[in-house]
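Engineer: Residue numbers (numbering that gives the first Met the number 0), protein chains in the order written: chain A, 0 to 423; chain B, 0 to 423. This structure is in structure tokens; I'll ask about it shortly.
2 protein chains.
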Amino acid sequence: MNNYVISGVKMLKPSGEVEAANIFISGDKISKITQGEVECSNVIDGKNKFATPGLVNAHTHASMTLLRSYSDDKALMDWLQKDIWPIEDKMQRQDIYWGAKLAAVEMIRGGTTAFADMYGPCMDEVAKVVDESGLRGSLSQGLISFANGEKKLAANVELYKNFHGAADGRITIMFGPHAIYTCPPDYLKKVAAEAQKLGAEIHMHMNETQTEINDCLKAYGKRPFEVVNETGLFEQGTLAAHCVWLSDSEIEIIKAKKIRVAHNPGSNMKLASGICPATKLLSKGVTVALGTDGASSNNNLDMLEEVRLAALLAKVDTLNPLAVPAAQALQMATQFGAAALGLQNVGRLEEGCKADIVLWDMRGVDWQPNYNPASLLVYSANSTAADTVIVDGKILMQGRELKTLDEEKIIAEFTACANRLSNN
Amino acid sequence: MNNYVISGVKMLKPSGEVEAANIFISGDKISKITQGEVECSNVIDGKNKFATPGLVNAHTHASMTLLRSYSDDKALMDWLQKDIWPIEDKMQRQDIYWGAKLAAVEMIRGGTTAFADMYGPCMDEVAKVVDESGLRGSLSQGLISFANGEKKLAANVELYKNFHGAADGRITIMFGPHAIYTCPPDYLKKVAAEAQKLGAEIHMHMNETQTEINDCLKAYGKRPFEVVNETGLFEQGTLAAHCVWLSDSEIEIIKAKKIRVAHNPGSNMKLASGICPATKLLSKGVTVALGTDGASSNNNLDMLEEVRLAALLAKVDTLNPLAVPAAQALQMATQFGAAALGLQNVGRLEEGCKADIVLWDMRGVDWQPNYNPASLLVYSANSTAADTVIVDGKILMQGRELKTLDEEKIIAEFTACANRLSNN
């Protein structure tokens, strides 16, 4: 069993304050937090390190790393129809596995400890990657009614039965209806019924583009949150990705149904979707987490970039320099991220919580002078400062060295997949 | 004399295309670019590297690294009046030096080869840093009429006479009238007259905030570009930083006077100033370069972040995914950056141009798969991928190892300055 202490580290408290602390880890939990000198035989020296909860990527499609830089700077429908969908159609079981495995390397290297993934087919391969990497993953089968909708729904049920709670609870399973424009209400009702039988939660794209809203209004005379709400899909707990274009009545639905929002600033900027009204949602008490989206629309899985973008974009969007200060941006990526994934006792450095921790190396020039570590992490540092990454008390990276994954082999296998997909 | 070749490297051409090439360097210049095999005794292996022109930071205040994370998430006037100005008042000669020297480390580590600096007093210390570091710098004394305006103007004249063209031409000097709200028209006329006598160019903050525009309209009945234009200040070549709030008639002045714009997306977002209409300016043929601004309002000197922000912000600002594609964002940070600083034959990888080159290491997971290096650099990589940095043919960093600066000593001296300034 893990039994060690991170000594003399600057620690981000759930309040947003930073203080010197010793963090004791027993098994998968933070057992004790103390100040002052510490005596223990098994010590990680926290000197010049900043300890934060692990970052939570609340919306991604991990295996899409295979499509990174394959198609950029295109109009949305050209990008999807001419480039992305045709290559996705060729993806096989090994692509899902190696794409997700490279994503796992990238996430650990950037200080991410948990992620919400929606993709498919073969999501059992992503579950395998979660198991092997030591990360925490909330996985869902992407469901599109017109493309084998029934079969995919059955696959999501299987996924739940086989993997929910697996890998010592690090794997949880949600249902993944893709979006209102790919899943009409009758299909969503079926998804809701299957999810309800299992007590499963939902992960769905909502209100990403203006086109989506306009098409929904045309088809149903109502806005997406209104249409979906009537299907019963929001009754079991929902993670809604994007939420860029929201009416006030939709925000009321989000509040009433306690829907958690995954804000994806980088993807929404790059695809010119718009800006999620994160400041407004936060002021109304909505849980707004952060996500990268897939690597073909971001183009990386670097959560620290999303933290910075969320903090910067909120300010320029509201013309208020006080919007989303550093501590709140970090809260979105940690505490709110864990809540968005439906995880208990994750995302806070507190006694009794899961030991999901990142130690950031503060020795680089971009951390000087060291007046305010939280501000430095959000506004100055980059993700290569992630030195040590811990999940469930287990060390996945230390001194930038990966402990669970063979990076060289993964890049080689991943590259072979990419070559096969792009050369066909 | 430098005499070597970078062999078999992926190279960004001035057209924005990428091709395999051998880059021959003789003295301070690119003497030849070839394809195919190469024979030469002095070779830098370009395998797995991406060669781009060095990044140009077209607007910064280097010594403000000392104020990084000292005050963040405050309203603009609280930030300036209560925190920034009082600590700046305490700055002495050694602070200007060590602040700029840490900035030089940070810039080289991030792939920046040239910068436009406006600060003071003691800008001769920054000149010394440019000389010692091997970087290229266009320096100006920040001029504020009500704070020793005449004395500072005399200092800018001295700076020009002592350093313009120094360090083998790597140092150039501009005049630095701070802004319309700190330099009334009569003072700007004096600045224009002194600059004209010497043939010097101008570096000035323009149209950064709505407040600045409103105050200018109230004081002079005209907008900032209109007021400044009438002083004669724009006659010798001008680098205008920020340019967030522009009327169409001001854009006409920018075009007519061939004013180069330094767009600072990170600073403008963080301080909630607004968004520079970069897409519109570029479409009208204006030279729009990129800058970080000072490290207390950014909070780093990472130009690759500004490249990404410029590309992302343009798209979400115009709701057009085709705005500022990757190659154009890189052009803004290289070719247009050099033009903004008034540099000839800099910012392009072309025979006869200055050998200011960055080799980016493409082996990291965030560069996989390697479909499109330019897109990967702009949308996925981070600045720690800068492996080798060359200015005037001289290698300033290779394999992440600094060749001209002692980082450990610089951080120690810099930290001593920061401690003295913040503890007084």
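For every residue, glycine included, the Cβ atom is placed at its ideal position computed from N, Cα and C.
#1: Within 10 angstroms of the Cβ of R169(B), are there 16 or more other Cβ atoms? Answer buried if so, exposed if not.
#2: C416(A) and D94(A) look like a contact to me (Cβ under 8 Å); what is the Cβ gap, rounded to whole Å?
#3: Taking the CB atoms as reference points, tell me whether T333(B) and G346(B) lie closer together than 9 Å.
#4: Select from M361(B), G351(B), A354(B), L289(B) the residue whose C-alpha is nearest the C-alpha of Q327(B).
#5: Express the C-alpha separation of G265(B) and A380(A) in angstroms, rounding to a whole number.
#6: Identify the continuous beta strand (DSSP E) that holds P176(B) and give its terminal residues.
#7: S62(A) to W97(A), Cα distance in whole Å?
#8: Do I86(B) and I356(B) have their CB atoms nearer than 9 Å?
#9: Give the C-beta separation of A373(B) and V17(B) to the nearest angstrom, bearing in mind that I take them to be a contact with Cβ-Cβ under 8 Å.
#10: From L65(A), S25(A), A20(A), G231(A), pick the residue whose C-alpha is nearest to that of D44(A); which is it?
#11: Using CA atoms only, rank isn't needed, just tell me which of R419(B), A354(B), D185(B) is closest to I394(B).
#12: Using the beta-carbon of each residue, which ones in chain A are nearer than 8 Å to T59(B)?
#13: Check whether the Cβ atoms of H177(B) and G136(B) lie closer than 9 Å to each other.
#14: Nearest to M0(B) by CA position, among E406(B), Q397(B), D391(B), G398(B), is which residue?
#15: Check the Cβ of G110(B) against every Cβ in chain A and list those closer than 7 Å, keeping chain order.
#16: Count the C-beta pairs between the stretch 188-199 of chain B and the stretch 216-235 of chain B that are closer than 8 Å, then say yes if the count reaches three, no if not.
#17: Between F23(A) and the rest of its own chain, which residues show a CB-CB distance below 6 Å, the 5 nearest in sequence each way excluded?
#18: Taking 8 Å as the threshold, find out whether the stretch 155-163 of chain B comes into contact with the stretch 201-218 of chain B through three or more Cβ pairs.
#19: Of all Cβ atoms in chain A, is any one closer than 9 Å to the Cβ of N319(B)?
#20: Thinking C-beta only, is T208(B) closer than 9 Å to G273(B)?
#21: Do you know whose CA, among A255(A), T291(A), F224(A), V260(A), lies nearest P276(A)'s CA?
#22: From what residue to what residue does the beta strand (DSSP E) around T51(B) run?
#23: On the DSSP bridge assignment, give the partners of M10(A) in chain order.
#24: Any C-beta of chain A within less than 8 Å: which residues of the stretch 60-90 of chain B qualify?
#25: Report back the beta-carbon spacing between R108(A) and A385(A) to the nearest angstrom; my notes put them in contact at under 8 Å.
#26: Cβ closer than 8 Å: which chain B residues qualify as neighbours of M268(A)?
#27: With DSSP collapsed to three states, give me the class of I86(B).
#28: Can you name the residues of chain B whose CB is closer than 9 Å to the CB of T414(A)?
#29: Within 9 Å of any Cβ in chain A, is that where the Cβ of D292(B) sits?
#30: Judging by CA-CA distance, which residue of D167(B), M90(B), A255(B), G175(B) is the nearest neighbour of L138(B)?
#31: Beta-carbon within less than 6 Å of I172(B)'s beta-carbon, same chain only, minus the 5 sequence neighbours each way: which residues are those?
#32: Roughly how many whole angstroms lie between the Cα atoms of H7(A) and F49(A)?
#33: Using C-beta distances below 6 Å, list every residue in its chain close to L358(B), excluding the 5 sequence neighbours before and after it, in chain order.
#34: Who are the neighbours of G265(A) on chain B, taking C-beta pairs under 9 Å?
#35: Which partner residues does I212(B) have in the DSSP bridge list?
#36: Is DSSP giving F145(A) helix, strand or coil here?
Structural biologist: If we stick to the structure as given:
#1: In the second sequence, residue 169(B) corresponds to position 170, counting from 1. The residue is buried, with at least 16 neighbouring Cβ atoms inside 10 Å.
#2: Along the first sequence, read from residue 1 onward, the residue named residue 416(A) stands at position 417. Along the first sequence, read from residue 1 onward, the residue named residue 94(A) stands at position 95. Rounded, the Cβ-Cβ distance is 5 Å, consistent with contact.
#3: For this step, residue 333(B) is matched to residue 334 along the second sequence. For this step, residue 346(B) is matched to residue 347 along the second sequence. Contact: yes.
#4: In the second sequence, residue 327(B) corresponds to position 328, counting from 1. Ranking M361(B), G351(B), A354(B), L289(B) by Cα distance to Q327(B) puts L289(B) first.
#5: Stepping through the first sequence from its first residue, residue 380(A) is reached at position 381. Stepping through the second sequence from its first residue, residue 265(B) is reached at position 266. Each residue's Cα considered, the two are about 14 Å apart.
#6: Here residue 176(B) corresponds to residue number 177 of the second sequence, with the count starting at 1. Looking at the DSSP string, the run of the beta strand (DSSP E) that includes P176(B) is 170-176.
#7: Your numbering for residue 62(A) matches position 63 in the first sequence. Your numbering for residue 97(A) matches position 98 in the first sequence. Going from the Cα of S62(A) to the Cα of W97(A) covers about 7 Å.
#8: If you number the second sequence from 1, residue 86(B) lands on position 87. If you number the second sequence from 1, residue 356(B) lands on position 357. No, Cβ-Cβ distance for I86(B) and I356(B) is not below 9 Å.
#9: Translated into the one-based positions of the second sequence, residue 373(B) becomes position 374. Translated into the one-based positions of the second sequence, residue 17(B) becomes position 18. With a Cβ gap of about 6 Å, A373(B) and V17(B) count as contacting.
#10: Here the question's residue 44(A) lines up with position 45 in the first sequence. Selected option, being the one with the closest Cα: A20(A).
#11: The residue you call residue 394(B) lines up with position 395 of the second sequence. Closest by alpha carbon: A354(B).
#12: Sequence index remark: in the second sequence, residue 59(B) carries index 60 (1-based). Going along chain A, no residue has its Cβ under 8 Å from T59(B), so there is no contact; the nearest lies around 14 Å.
#13: For this step, residue 177(B) is matched to residue 178 along the second sequence. For this step, residue 136(B) is matched to residue 137 along the second sequence. In this structure, G136(B) does not lie closer than 9 Å to H177(B) by Cβ.
#14: Position 1 of the second sequence holds residue 0(B). Here the closest residue by C-alpha is D391(B).
#15: For the purposes of this step, residue 110(B) is taken as residue 111 along the second sequence, with counting starting at 1. Ordered by position in chain A, no residue passes the 7 Å Cβ test against G110(B), which lies about 13 Å from the chain.
#16: yes
#17: The residue given as residue 23(A) occupies position 24 in the first sequence. Taken in chain order, the residues that qualify are V4, S30, K31.
#18: no
#19: Position 320 of the second sequence, counted from the start, is the residue given in the question as residue 319(B). By this cut-off, N319(B) is an interface position.
#20: Stepping through the second sequence from its first residue, residue 273(B) is reached at position 274. Stepping through the second sequence from its first residue, residue 208(B) is reached at position 209. Contact: yes.
#21: On the first sequence, residue 276(A) is found 277 positions in, with the first residue counted as 1. The shortest C-alpha separation from P276(A) is found at V260(A).
#22: By 1-based counting over the second sequence, the position of residue 51(B) is 52. Where T51(B) is concerned, the enclosing beta strand (DSSP E) stretches over 48-52.
#23: Position 11 of the first sequence holds residue 10(A). In the DSSP output, where bridge partners are listed per residue, M10(A) has E18(A), A50(A).
#24: T64, L65, R67, S68, Y69, D71, D72, K73, A74, L75, W78
#25: Numbered from 1 along the first sequence, position 109 holds the residue referred to as residue 108(A). Numbered from 1 along the first sequence, position 386 holds the residue referred to as residue 385(A). Confirmed, about 7 Å.
#26: Mapped onto the first sequence, residue 268(A) falls at position 269. In chain order: L311, L312, K314, V315.
#27: The sequence position of residue 86(B) within the second sequence is 87, counting from 1. Helix, per DSSP.
#28: On the first sequence, position 415 is the one that residue 414(A) refers to. Near T414(A) (Cβ distances below 9 Å), the residues of chain B are Q367, P368, N369.
#29: On the second sequence, position 293 is the one that residue 292(B) refers to. Not closer than 9 Å to any Cβ of chain A, the Cβ of D292(B) fails to qualify, so no.
#30: Counted from its first residue, the second sequence places residue 138(B) at position 139. Among D167(B), M90(B), A255(B), G175(B), the Cα nearest to that of L138(B) belongs to G175(B).
#31: As a position in the second sequence, residue 172(B) is number 173, starting the count at 1. Contacts found: L138, L158, Y159, F162, H163.
#32: Counting from 1 along the first sequence, the entry for residue 7(A) is found at position 8. Counting from 1 along the first sequence, the entry for residue 49(A) is found at position 50. Note that residue 7(A) is Gly in the sequence shown, not His. Between G7(A) and F49(A), the C-alpha separation is close to 10 Å.
#33: Locating residue 358(B) in the second sequence gives position 359, where the first residue counts as 1. Here the set comprises K48, A50, D386, T387.
#34: Residue mapping note: residue 265(A) aligns to position 266 of the first sequence, counting from 1. Simply R307, L311, Y378.
#35: What you label residue 212(B) is simply residue 213 of the second sequence in a count that begins at 1. The partner list for I212(B) (beta bridge, DSSP) is empty, contrary to what the question assumes.
#36: As a first step, residue 145(A) must be located in the first sequence, where it is residue number 146. Of the three classes helix, strand and coil, the one that applies to F145(A) here is coil, per DSSP.
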